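For the sequence shown, the positions run 1 to 118 when UniProt numbering is used. Glycine included, C-beta positions come from ideal geometry on N, C-alpha and C. Keep in mind it's a predicted model, so treat the numbers as computed, not measured.
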Amino acid sequence: MENLTNARTEYMQALPGNNAETYNNLGRLYLGDRDYLTAESFFLRGLDLVKADDFSTRYSLLTDLGWVQVEQNRHAEAGRNLVSAIALNQKQPPNQQRWEANCIFAKVLEIKKDRKSA
Numbered sequence: 001m002e003n004l005t006n007a008r009t010e011y012m013q014a015l016p017g018n019n020a021e022t023y024n025n026l027g028r029l030y031l032g033d034r035d036y037l038t039a040e041s042f043f044l045r046g047l048d049l050v051k052a053d054d055f056s057t058r059y060s061l062l063t064d065l066g067w068v069q070v071e072q073n074r075h076a077e078a079g080r081n082l083v084s085a086i087a088l089n090q091k092q093p094p095n096q097q098r099w100e101a102n103c104i105f106a107k108v109l110e111i112k113k114d115r116k117s118a
């Protein structure tokens, strides 16, 4: 627990540097705390700051934003962000592709299917 507190403090001190990855990391800490609104605000700010050619950070931000939206039952928004992450991922060489967004998107599709059959 102390490590998380220290990490949060260090990330907060790094915010003035406007580093998109720092915003993503802070968002993940708040996501872990189930403080979804704060997490979402960090992910959105990170997306505003991320450089166009920073695939890894943009992918993480879109994926994590989708995840926090799933947790808030905002499945349509989550789906759009996850599809964007998946599309971005498909432009990468196979050895650099990641799969987190696909897993979370599968959950969104499963939830939609369950709602239709109810």
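Just verifying my parser: in three-state terms, what is the DSSP assignment at residue i?
{"i": "Lys113", "result": "helix"}
{"i": "Pro94", "result": "helix"}
{"i": "Ala85", "result": "helix"}
{"i": "Trp67", "result": "helix"}
{"i": "Lys107", "result": "helix"}
{"i": "Asp53", "result": "coil"}
Quick one: using the 10 Å Cβ neighbour count with 16 as the cut-off for buried, is residue i buried or exposed?
{"i": "Gln37", "result": "In the sequence as presented, Gln is not what sits at residue 37; that position holds Leu. Exposed, since its Cβ has fewer than 16 Cβ neighbours within 10 Å."}
{"i": "Thr22", "result": "buried"}
{"i": "Thr63", "result": "buried"}
{"i": "Ala106", "result": "exposed"}
If we ignore side chains and look at the alpha-carbon of each, how far apart do residue i and residue j end up?
{"i": "Asn3", "j": "Pro93", "result": "35 Å"}
{"i": "Val108", "j": "Val70", "result": "7 Å"}
What do you reckon, are the CB atoms on residue i and residue j nearer than 9 Å?
{"i": "Val50", "j": "Thr57", "result": "yes"}
{"i": "Ala101", "j": "Ala85", "result": "yes"}
{"i": "Ala20", "j": "Leu31", "result": "no"}
{"i": "Gly27", "j": "Leu61", "result": "yes"}
Could you tell me whether any Cβ in chain B is nearer than 9 Å to the Cβ of residue i?
{"i": "Ile111", "result": "Chain labels in this structure do not include chain B; a single protein chain is all it has."}
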